[in-house]
Amino acid sequence: MTSAGRFAPSPSGELHVGNLRTAILAWLFAKSSGRDFLLRVEDLDRARSGAEAEQLRDLEAIGVSWDAAVVRQTERAALYDAAIARLTADGRTYECFCTRREIQEAPSAPHAPQGAYPGTCRRLSTAEREIRRASRPASIRLRADVSEWAVEDQLQGNYVGVVDDFVLRRNDGVTAYNLAVVVDDAAQGIDQVVRGDDLLPSTPRQAYLATLLGLPIPEYAHVPLVVNHDGVRLAKRDGAVTLGDLAAVGIPAERVRHLILESLGLPAGTLAQVLPHFDARKLPRDPWVWKTPRP
Ligand SMILES: [Zn+2]
């Protein structure tokens with residue numbers, strides 16, 4: 010089995026400097042620890058035609074290379090089906106018929122954390138399930154027997170987060186992110202997950218699910234996001250933030266890479282050139298405030 014890190018973008022549009030910075034960090038973490046670096050396109054949801062090709066082109070332009078063919082989640086339904094079948098055989102799943110509104114309005118269980126699924130459909134009788142099936146397709150939820158789980162993160166330390174009966178398959182048939190990511194990382198031999206720290210809160214759910222499936226838990230490093238001048242996570246509306254927009258105002262991809270490296274306390278150069286200078290322990294722990302540079 011390989012030992013690998015990865016970058017896993019959703020092809021919903023062009024990558025912006027925040028995504029590109031996370032990709033560069035994931036590459037540096039992987040290569041500095043002797044791992045391969047893999048790319049996975051998370052196209053189960055919100056995929057926009059043409060976006061994958063744009064994203065791969067931009068990653069290449071910024072100097073991020075990968076070591077195996079790109080994997081797409083839409084080609085991996087059999088793996089997700091097998092994982093859900095295994096959990097179901099273990100009595101670990103149940104059908105849920107709740108609408109978003111019903112979940113919001115349901116009285117939450119005592120001591121349940123904010124936003125956790127209240128367990129409404131956990132104990133439906135066979136007859137009740139039959140009735141509800143006639144009116145609404147079911148989502149599939151995990152029957153969790155813990156309410157929290159701890160993970161170890163290279164940058165954030167020990168992190169304890171909520172585990173509820175989260176969705177494995179949505180009621181429109183789309184595999185949920187938390188299931189797909191766990192199955193894919195294990196199937197690709199990914200033992201190091203570097204990604205934005207907005208995903209830290211869902212990590213305990215994923216680590217718990219991996220444990221139930223008998224899969225190894227990867228090393229985690231959740232890196233600070235890039236934010237705009239208001240401290241809000243960078244988005245397309247924040248002006249020239251994609252390689253295409255930046256090139257149009259006279260800032261080529263190489264300069265963008267150098268700005269990103271500078272924000273990480275690293276010298277300018279190719280990723281291979283800066284690799285010997287990379288030390289995860291010295292990374293800035295605060296978000297990077299993006300200012301569109303002058304050409
Ligand atoms: Zn329900």
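Residue 10 is where the sequence shown starts when you use this note's numbering, and the numbers rise one by one after that. Note that CB positions come from ideal geometry on N, CA and C, so glycine has one too.
Within the same chain, no Cβ atom closer than 6 angstroms to the Cβ of L133 is found once the five residues on either side in sequence are excluded. Take the alpha-carbon of A256 and the one of N28: they are about 17 angstroms apart. Checking the 6 angstroms criterion, the Cβ of T129 is within range of a heavy atom belonging to ligand 1. The three-state reading of DSSP puts I260 in coil, since its state is none of H, G, I, E or B.
In the structure shown, D76 falls within a coil segment according to DSSP collapsed to helix, strand and coil. In this model, S21 and L234 are separated by some 18 angstroms (Cα to Cα). Per DSSP, reduced to three states, the secondary structure at L209 is helical.
Shown here, T184 sits in a strand according to DSSP, grouped into three states.
Q82 sits away from A13, with the two beta carbons spaced by 7 angstroms or more. For E63, the uninterrupted alpha helix (DSSP H) run begins and ends at 60-71, by DSSP. For R95, the uninterrupted alpha helix (DSSP H) run begins and ends at 86-98, by DSSP. Looking at the backbone, the Cα of A92 and that of L151 are separated by about 11 angstroms. The beta carbons of F38 and Q165 sit about 14 angstroms from each other, so the pair does not count as a contact at 8 angstroms.
By the Cβ test, the stretch 159-175 is in contact with the stretch 210-225, since at least three Cβ pairs between them sit closer than 8 angstroms.
Take the alpha-carbon of T97 and the one of L177: they are about 11 angstroms apart. Restricting attention to D194, A281, W158, the CA atom closest to the CA of L88 is found in D194.
Taking C-beta atoms as the reference points, V155 and Y168 fail to come closer than 7 angstroms. Between the stretch 220-231 and the stretch 124-131, the count of Cβ pairs shorter than 8 angstroms is below three; the stretches do not touch.
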